[in-house]
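Take the sequence shown: its position 199, counting from 1, is numbered 996 in this note's numbering, and each next residue is one higher.
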Amino acid sequence: MKSTKLIAICFLFFIAFLGSLGAFDFQVPTAADIAGFGTILAPLGSSNAKESQTAKPGFIPRSDIALKTEYAEIQAPSSGAVIYSQHESPLASVFSFPLGGAVAILHPESYISLVSGLVLDDAMFNQTGKGHENSLKKGASLGQAIGSGIYPEGYCGVRLFDLKNSLWINPLFLASWLHDRTAPVIQNVWLTNGNMQGNAPIELKTTVSRGKYIECQQATYEVSVAAIDSIIPGSRSFSAPYKIVIVLDGKTSIDTSFIAASCKNEGLSFLGNPAPSSKVILENGAYLVGRILLQRGQHEIEVHVSDYAGNESSLKTSIMVN
C-alpha cells in the first residue's frame, strides 16, 4: 500500500512539474552531439561504448548536458538577470570540476540557468570574474564554445536549477528539436546482495537454456542497470537513458528516471539514491536503481529502459529463488 501511494505521489509531482516547466520559455541550443543529464563523466566522443560508461569510485553523473553546438556563438537560453559570471578558471568548483567560462542567469520563473565551457563575450561581461547584475534578453550573446573548463572545443554545458524545489532539472526536456528514433541499449542488469559474502552479482542478461532458470537465494537485492543511449543519430557519444522500470511478476517494483537531481547537504541525489551522487554508480559502471525482495519460488523479472522520445528496450528473465 505504501509503495502504491508513493508511486501516485511521484506521478502527481511529475505532472505538476512538467506543467510548470512547459510554461518556461527556455531554448536549449541546437546541438550536433550531446552527452545527456545523468551520463557518467567520461571522454566525449568515445567510439567505445564500454569506455564511455565505465565508472570509477567517486565518479558522478552529469548535472548538466554537454552540447556540441552547430554554431560557435552561444546565446542566452531565456531572459533574466545575470547574477554571476566568471572567465576561464582552472580550479574545481562545487561541481567537482572546472566550469571554465560560465554565466548564471536568474529567470523570473524562479529558475537559474548556468551555461559553462565558454569564452565569454567581453562586450557583455566584465573582466574581473565577479559578474554583475545585468538584465539579459533571450538570444543575447554569452560567448563562444571554443574550449573551456572540462569542455573540449565546440562543446558547452547547460544546467537548470529549480529554486522552489531545490532540484537540478534535466534540460533535455526543453530541447524540442530532438529527433531520436534509436532505442537505448541494455548492456546488463545485476542483482546484488551485500550481506551474502562470497556471492557474485547475478547477471540477468546471462543466457539461460529454454526451460531453465537463473537460481538465487531468498533475499532483498539491489538492482543495478548498465544502459546507454545515443540521442543524436550517428553520434559516437553515449548518454544515460531517461527512464528505468523494473517489473516483478507483472507488478512495477521500481520506477525511476533522470528527470532531476535533488540537492542535499551531502551533495546531489540521482534516481532517489542517498547523496552524494557517486553512490548511484557502481564499480562496474551500472546505475543503482533500487531494491527488490525475492521470495522463494519462481519469478519473472522485466527491465524496461526508455529514452526521451519514448523508444524502449526490454529484458525479461526467469528466476528460481531457493
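Cβ coordinates follow ideal geometry from the N, Cα and C atoms, glycine included.
Neighbourhood of residue i by C-beta, 6 Å cutoff - its chain only, sequence neighbours within 5 removed
| i | result |
| --- | --- |
| S1050 | I1043, I1089 |
| R1016 | It is Ala, not Arg, that sits at residue 1016 in the sequence shown. If we look at A1016 and ignore the five residues flanking it on each side, its Cβ neighbours are N990. |
| H904 | S875, G877 |
| N1108 | A980 |
| A863 | A832, Y952, G954 |
| A1106 | D977 |
| N931 | V879 |
| D830 | K865, I1029, S1032, S1034 |
Presumed contact (8 Å Cβ cut-off) between residue i and residue j, rounded CB distance
| i | j | result |
| --- | --- | --- |
| H884 | L917 | 6 Å |
| L1085 | S1027 | Their Cβ separation, rounded to whole angstroms, is 23 Å, which puts L1085 and S1027 out of contact at 8 Å. |
| L1001 | T1114 | 5 Å |
| S1074 | A1058 | 7 Å |
| L1065 | W965 | 7 Å |
| L915 | G940 | 4 Å |
| A828 | T866 | 6 Å |
Residue span of the beta strand (DSSP E) that contains residue i, given as start and end
| i | result |
| --- | --- |
| H921 | The residue asked about is misnamed: residue 921 is Met in this sequence, not His. From DSSP, M921 is part of no beta strand (DSSP E); its letter is neither H nor E. |
| G1069 | Here G1069 belongs to no beta strand (DSSP E), and DSSP marks it neither H nor E. |
| H976 | First-last for H976: undefined, no H or E at that position. |
| S963 | No beta strand (DSSP E) contains S963, which DSSP labels as neither H nor E. |
| K784 | Nothing can be reported for residue 784, as the shown portion of the chain is limited to 798 through 1119. |
| Y1084 | 1084-1091 |
| D1052 | 1048-1054 |
| A873 | Here A873 belongs to no beta strand (DSSP E), and DSSP marks it neither H nor E. |
| S1059 | 1057-1061 |
Own chain partners of residue i with C-beta closer than 8 Å, once the 5 adjacent residues on each side are dropped
| i | result |
| --- | --- |
| K1076 | N1070, L1085 |
| F823 | P874, S875, H904, Y908, S910, L957, P968, L971 |
| Q872 | Q824, P826, K935, G936, A937, S938, L939 |
| S844 | Low confidence applies to S844: its pLDDT is 38, below 50, so where it sits in the model is not reliable enough to give any reading. |
| A1024 | P981, V982, I983, Q984, A1037, P1038, I1041, Y1084, V1102, S1110 |
| A846 | With a pLDDT of 38 at A846, under the threshold of 50, the predicted position of this residue should be treated as unreliable, and no value is reported. |
Rounded separation between residue i and residue j - CA only
| i | j | result |
| --- | --- | --- |
| F1055 | L971 | 14 Å |
| S882 | P895 | 14 Å |
| N1119 | I1011 | 11 Å |
| E997 | W987 | Contrary to the premise, residue 997 reads as Ala rather than Glu in this sequence. Their Cα atoms are separated by approximately 10 Å. |
| A1072 | I1029 | 30 Å |
| M1117 | D1052 | 23 Å |
| Y868 | I943 | 10 Å |
| D861 | S913 | 9 Å |
| Q1095 | I999 | 16 Å |
| K802 | I983 | Its pLDDT being 46, under 50, K802 is placed unreliably by the model, and the measurement read from it follows with that caveat. For K802 and I983, the distance between alpha carbons rounds to 29 Å. |
| A1083 | F922 | 41 Å |
| C1060 | K1009 | 45 Å |
| F1035 | V1102 | 15 Å |
| I1098 | L960 | 38 Å |
| A820 | S973 | 13 Å |
| E870 | D1104 | 29 Å |
| G1031 | Q1014 | 43 Å |
| N1062 | N962 | 14 Å |
| K1048 | L1112 | 15 Å |
| I947 | G835 | 16 Å |
| G926 | S945 | Its pLDDT being 45, under 50, G926 is placed unreliably in this model, and the coordinates cannot settle the point. |
| L1068 | A899 | 27 Å |
| G897 | D919 | 15 Å |
| L975 | R1093 | 45 Å |
DSSP bridge partner residues for residue i (one or two, in chain order)
| i | result |
| --- | --- |
| V879 | I902, N931 |
| T989 | E1019 |
| K1076 | Per DSSP, none; premise fails for K1076. |
| L917 | G940 |
| Q1095 | M1117 |
| V1102 | I1041, S1110 |
| E1000 | W987 |
| T866 | A828 |
| D822 | Its beta-bridge partners do not exist; DSSP assigns none. |
| I1025 | V982 |
| F958 | I909, W965 |
| G1064 | K1061 |
| S945 | Y948 |
Residue i beta carbon near the ligand SAH (any heavy atom closer than 6 Å)
| i | result |
| --- | --- |
| S860 | Ligands are entirely absent from the displayed structure, and the ligand SAH is therefore not among its contents. |
Own chain, CB closer than 7 Å to residue i, minus 5 neighbours either side, in chain order
| i | result |
| --- | --- |
| Y1018 | L988, T989, N990, R1088, I1089, L1091 |
| E906 | F821 |
7 Å Cβ cutoff, residue i in contact with chain D
| i | result |
| --- | --- |
| E1063 | Although the question refers to chain D, the structure presented lacks it and comprises just one protein chain. |
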